[in-house]
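Here the structure is laid out as structure tokens; the discussion comes afterwards.
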Amino acid sequence: MTTRERYPLLNSFLEGWSIFKQNLLGKIGLTLLIIFALMALCSYIPPWISPMYNPMTGVDPEITSCSAPCLRHWLGTDFMGRDILSQLLAGARIAFMVGISAAVMSIVLGVSIGMTAGYMGKFIDTLLMRLADMIMVMPTLLVVLLLAAVFGQLNIWTIVLIIALFRWPGVSRIIRGQTLSLKQRPFIEAAKVAGASHFRIIFMHIMPNVLPLAFLFMTFRVTSAIITEAALAFLGFGDPGTVSWGMMLQWVWKTGNMFQAPYWLLPPGICISLITLSFYMLGRAMDEVLDPRLRKEDQTD
Amino acid sequence: MTLLEVENVSIGYNTKKGYVKAVEGVSFSLEEGGSLGFVGESGCGKTTIGMALMGLLPPNGSVSEGRILFDGEDTLKMSDEEIRKIRWREMAMIFQAAMNALNPVQRVGNQIAEAILVHDPSIGKEEAMGQVEALFDLVGIPRDRLRDYPHQYSGGMKQRAIIAMALACHPKLIIADEPTTALDVIVQDQILGEIKDLQKEFNLSIIFISHDISIVADMCKDIGVMYAGQLVEFGPREEVFESPAHPYTKALLSSFPTVTGKKSDLIPIPGETPNLVIPPAGCRFCDRCSGPGPSCKTETPEWVETGPGHKTLCCRC
Amino acid sequence: MDKRDESVLEIRDVTKIYKTKGAFFGSSGKDVTALNLISFDIFKGEIFGLVGESGSGKTTVGRLIVGLENVSSGKIFLEGREIIGLRGRARKEFRREVQMIFQDPYQSLNPQRSIYDTVSEPLKIHGMGNASTRKDLARETLHAVGLSPPDDFLFRYPHRLSGGQRQRVAIARAMILNPEFVIADEPTSMLDASISAQIFNILLEMRSRLGVTQMFITHSLAAARYLCDRVAVIYRGNLVELGPAEEVIRNPKHPYTQALLDAVPKFGHDRDARRYGSLLTKARDAEEDVGCVFFPRCAAADEDRCGRKHPNLSPFGDGHLVACFRLEAMHEA
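What follows is the structure, given as structure tokens:
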């Protein structure tokens, strides 16, 4: 038995990687994400170099207002004299954190609920789906605004939780649909005839077939979470203690520097667009890896 | 009078796995009012030939060599416009799984009328519907079903509707690609009988494509056996069915169970069909053949006459 | 048939009714009787054929036996034990003894799992063996169904296999637990003739080498003739004829069986000189669910009896049973 056979997980990973490598979109997406990840990691460097570079509290003794890029501040400074590049790097960190946490939470919720509803059917299905409907029609932003109005400024993790709680219905509907159609498939019936328990069928047969879709969705969730957080921050309802790209946009807008300081306005905006694009591309490539049938080189006519 | 003459046609598809030579060097001819059947298993190229005759190959498919002469004119040299004129008016096709070819949200009568109007816009909607009624009578669908939707039809009725659509513009040639595969045997029998009657009544030429050699032997005067993209045997049905020459034909015949005659062992054909991206040199059936000769693997087989109008592509014969 | 072999499967008066929901909450729609009082036995070591067209209910019979659906009424016995309503351990034991091969090889294997996973799953479910014995058994079973060398196939995924190969995997999966009874539901209807022949021969070998009793569900009388010892013909939920395969096909007694045989395409098919001619060209208008199920299409039916009462399967000698009033009359005469 070769090493690959001995460790099936390793084998799957290597196989997946070789397929992923062939997908152009995936490679571009991954590259961009790596750049952003590096940015996130590097966000610890500027404050370490000098307290002046702290994204929230750093103050340049010589500059106290918005200024253009120079040698000391590669992207210039904001209205308080804080370094924009540091803010951008910190924003990357926040984006990853928010995006991925919210996405993972909503996917876990959505997949579990969707599979349960689809597989159990009848009463449970109706109950769960009506719940999903109710949540789906509620506008996320408005609810967050209401909560902010009631509880004051919200903590970033609360925002992440809320985004997750509002986003699972979309996932669960799709997963439920998939589960319903999978339930009828002969290979599920074959598993039943072999004596598989419900548990086994859901987790060993339905879930693997549903996961590719879930992963694809996760990438959309990440993008939507990042955008939602950015929107909230931009509207002034973000966590004032964290520097995110949306927050940066809020500052540039609120202080009236939108047209005067392109070095301040453009970077966060471009970053938001690029990171969402790269997650999307990654998702498309992952789709191919996870679903054996989509693999191009293996397709039989 | 020869209606269709196919000369040394080769067809290929560009796929991600490479260029698939789906059909290679096929030649045959069809007289007016004649019937010709192509029999073979999946991947042998019989459907591809039907599509090529109609000019309906998918975008990644193309005829790489040969001529298709319909009524004396080479269809491969025609422009899209000219082919569109021939299609349906002179040559119509009944597709495989044709039942799914009906638009589920349009009434059946209207769909057929539309097909008529597309090819002859000069007649009005009313006259078109009149023609549809006549067609329904012809294929045996009650006239009161004209305004029904496809899901209200049974499988047999849908198939009859498809036949009606194929006959709508009174073509000279009908290509029927597995028209009864999805039907039960009793309905299939009725439909095949109706196709035969229609053929006699209108002196239609038919090309019948099927995987079931008994259907083809029942319906057609001549049979062509296809394997891995090549025509391996051709001849009148009595000859091919009762004295098959090619080893594949013999093997194919003995892999179908029968209800009449002696019950004999089914002899499956070992192995799988060859890869058509890189077809084997020499005879393509060689590695599954029960009795290959010494030169079969390397020599390209030639046509050998084994009877009146009966020929086979085999080194050994 | 003189010696009465022991029955592996006994089906008694099994009926299956599908209730369709009405338009409004709570109201009931039409009831569709998919199977009506079906009774037959399957003897040990035989291959029993169930032949019918689409909508005849033949697949439903199979599904009821393996428990994918529930009977509306009636009993099913496996080796004398009632299998309806089994729970818990008894049910799991039942799952070891009865297995099924499905019709569509392209859908009956989980596309996300390797061949090894699929074939060894029954072993895992029933807690048999450990990782290495399971692999060995999987190899052995794959080899037995003709997928050799087995190591070439163990870690592949279904989409890399042809239809015939996939169906062999499905057979391997069904056989790995050494069941008593296997139901093959149209296992070759999606395969080419030459590949079908390979599958038929595997089924025959399963019987000759391992003594597995089988029920072969098919729409093809020819396939049933080749494979089966006895054959039952089912029409719209009712058994109309049952008997030794060769006998039923050479001397069909029920008009429907005769119609099926007439319709099989044959070379030199002379439609006018039909051997039996038992089918009406245009169906009669008849009241639904009253009288013989074949009455509307039967050329030889008589209104009084056939249109009013429902004939039961009656013996006509030598294990040949037919459900037809006309024959009863002839037999009595």
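Those protein sequence lines, which keep their order, are chains A, B and C. Numbering-wise, the first sequence is residues 1 to 301 according to this note's numbering. Numbering-wise, the second sequence is residues 1 to 317 according to this note's numbering. Numbering-wise, the third sequence is residues 1 to 333 according to this note's numbering. No residue lacks a Cβ here, since even glycine has one placed at the ideal position from N, Cα and C. Since this is a predicted model, take the numbers as computed values, not measurements.
Assigned secondary structure, residue i (DSSP; H/G/I helix, E/B strand, else coil)
{"i": "His143(C)", "result": "helix"}
{"i": "Ile269(B)", "result": "coil"}
{"i": "Glu297(A)", "result": "In this predicted model, Glu297(A) has a pLDDT of only 42, less than 50, meaning its place in the structure is not dependable; the value taken from the coordinates is given anyway. In the structure shown, Glu297(A) sits in a helix (DSSP, three-state: H, G or I)."}
{"i": "Tyr53(A)", "result": "helix"}
{"i": "Gly18(B)", "result": "strand"}
{"i": "Arg236(C)", "result": "coil"}
{"i": "Met258(A)", "result": "coil"}
{"i": "Ala92(B)", "result": "strand"}
{"i": "Ser224(A)", "result": "helix"}
{"i": "Lys19(C)", "result": "strand"}
{"i": "Glu328(C)", "result": "helix"}
{"i": "Phe40(C)", "result": "strand"}
{"i": "Arg147(B)", "result": "coil"}
{"i": "Pro301(B)", "result": "coil"}
Exposure label - residue i; buried when at least 16 CB within 10 Å
{"i": "Cys306(C)", "result": "buried"}
{"i": "His170(B)", "result": "exposed"}
{"i": "Trp251(A)", "result": "buried"}
{"i": "His73(A)", "result": "buried"}
{"i": "Glu6(C)", "result": "exposed"}
{"i": "His205(A)", "result": "buried"}
{"i": "Val105(B)", "result": "exposed"}
{"i": "Phe123(A)", "result": "exposed"}
{"i": "His198(A)", "result": "exposed"}
{"i": "Ile45(A)", "result": "exposed"}
{"i": "Ala225(A)", "result": "buried"}
{"i": "Gln112(C)", "result": "buried"}
{"i": "Asp137(B)", "result": "exposed"}
{"i": "Val14(C)", "result": "buried"}
When the options are compared against residue i, the one with the closest alpha-carbon
{"i": "Ile101(C)", "options": "Leu242(C), Ala300(C), Phe181(C) and Ser314(C)", "result": "Phe181(C)"}
{"i": "Thr306(B)", "options": "Ile162(B), Asn203(B), Gly130(B) and Ser243(B)", "result": "Ser243(B)"}
{"i": "Gly55(B)", "options": "Gly43(B), Gly33(B) and Asp80(B)", "result": "Asp80(B)"}
{"i": "Lys282(C)", "options": "Gln190(B), His246(B) and Phe256(B)", "result": "Gln190(B)"}
{"i": "Tyr53(A)", "options": "Ala37(A), Ile35(A), Gly76(A) and Ala68(A)", "result": "Gly76(A)"}
{"i": "Leu173(B)", "options": "Gly130(B), Ala161(B) and Phe208(B)", "result": "Phe208(B)"}
{"i": "Ile100(A)", "options": "Arg221(A), Tyr280(A), Phe187(A) and Thr228(A)", "result": "Arg221(A)"}
{"i": "Asn36(C)", "options": "Gly52(C), Arg139(C) and Ser73(C)", "result": "Ser73(C)"}
{"i": "Thr276(A)", "options": "Phe36(A), Asn23(A) and Leu14(A)", "result": "Phe36(A)"}
{"i": "Asn209(A)", "options": "Ala301(C), Asn110(C) and Pro105(C)", "result": "Asn110(C)"}
{"i": "Val23(B)", "options": "Ile94(B), Ala115(B) and Ala52(B)", "result": "Ala52(B)"}
{"i": "Glu328(C)", "options": "Asn312(C), Asp318(C) and Gly237(C)", "result": "Asn312(C)"}
{"i": "Val98(C)", "options": "Arg160(C), Lys124(C), Gly62(C) and Ile234(C)", "result": "Gly62(C)"}
{"i": "Lys221(B)", "options": "Gln230(B), Phe234(B) and Asp212(B)", "result": "Phe234(B)"}
{"i": "Asp289(C)", "options": "Ala232(C), Glu10(C), Asp31(C) and Val8(C)", "result": "Asp31(C)"}
Opening and closing residue of the beta strand (DSSP E) in which residue i lies
{"i": "Ile206(A)", "result": "Note, Ile206(A): premise wrong, no beta strand (DSSP E); not H, not E."}
{"i": "Phe153(C)", "result": "Phe153(C) -> not in any beta strand (DSSP E); alpha helix (DSSP H) instead, spanning Asp151 to Leu154."}
{"i": "Asp205(B)", "result": "Sequence inspection shows Ser at residue 205(B); the Asp mentioned does not correspond to that position. Unbroken beta strand (DSSP E) run through Ser205(B): Ser205 to Ser210."}
{"i": "Met100(C)", "result": "Val98 to Ile101"}
{"i": "Gln178(A)", "result": "Note, Gln178(A): premise wrong, no beta strand (DSSP E); alpha helix (DSSP H) at Ile156 to Lys183."}
{"i": "Gly309(B)", "result": "Gly309(B) -> no beta strand (DSSP E), and no H or E assigned at all."}
{"i": "Ile68(B)", "result": "Gly61 to Phe70"}
{"i": "Pro187(C)", "result": "Pro187(C) -> no beta strand (DSSP E), and no H or E assigned at all."}
{"i": "Tyr227(B)", "result": "Asp222 to Tyr227"}
{"i": "Gly49(C)", "result": "Ile47 to Val51"}
Extent of the continuous alpha helix (DSSP H) run through residue i
{"i": "Glu32(B)", "result": "It is not in any alpha helix (DSSP H) - Glu32(B) carries neither H nor E in the DSSP assignment."}
{"i": "Asp177(B)", "result": "Asp177(B) -> not in any alpha helix (DSSP H); beta strand (DSSP E) instead, spanning Leu173 to Asp177."}
{"i": "His119(B)", "result": "Val108 to His119"}
{"i": "Val111(A)", "result": "Ile84 to Met120"}
{"i": "Met1(B)", "result": "No alpha helix (DSSP H) contains Met1(B), which DSSP labels as neither H nor E."}
{"i": "Glu62(A)", "result": "Note, Glu62(A): premise wrong, no alpha helix (DSSP H); not H, not E."}
{"i": "Leu167(B)", "result": "Gly155 to Leu167"}
{"i": "Glu189(A)", "result": "Pro186 to Ala194"}
{"i": "Pro122(C)", "result": "Ile115 to Ile125"}
Residue i CB to nearest heavy atom of the ligand FAD below 7 Å
{"i": "Ser314(C)", "result": "With respect to the ligand FAD, the structure shown offers nothing to examine, as it has no ligands at all."}
Runs of alpha helix (DSSP H) wholly within the region 239-311 of chain C (minimum 4 residues, chain order): Fully enclosed alpha helix (DSSP H) runs of 4 or longer: 245-250, 255-263 and 303-306.
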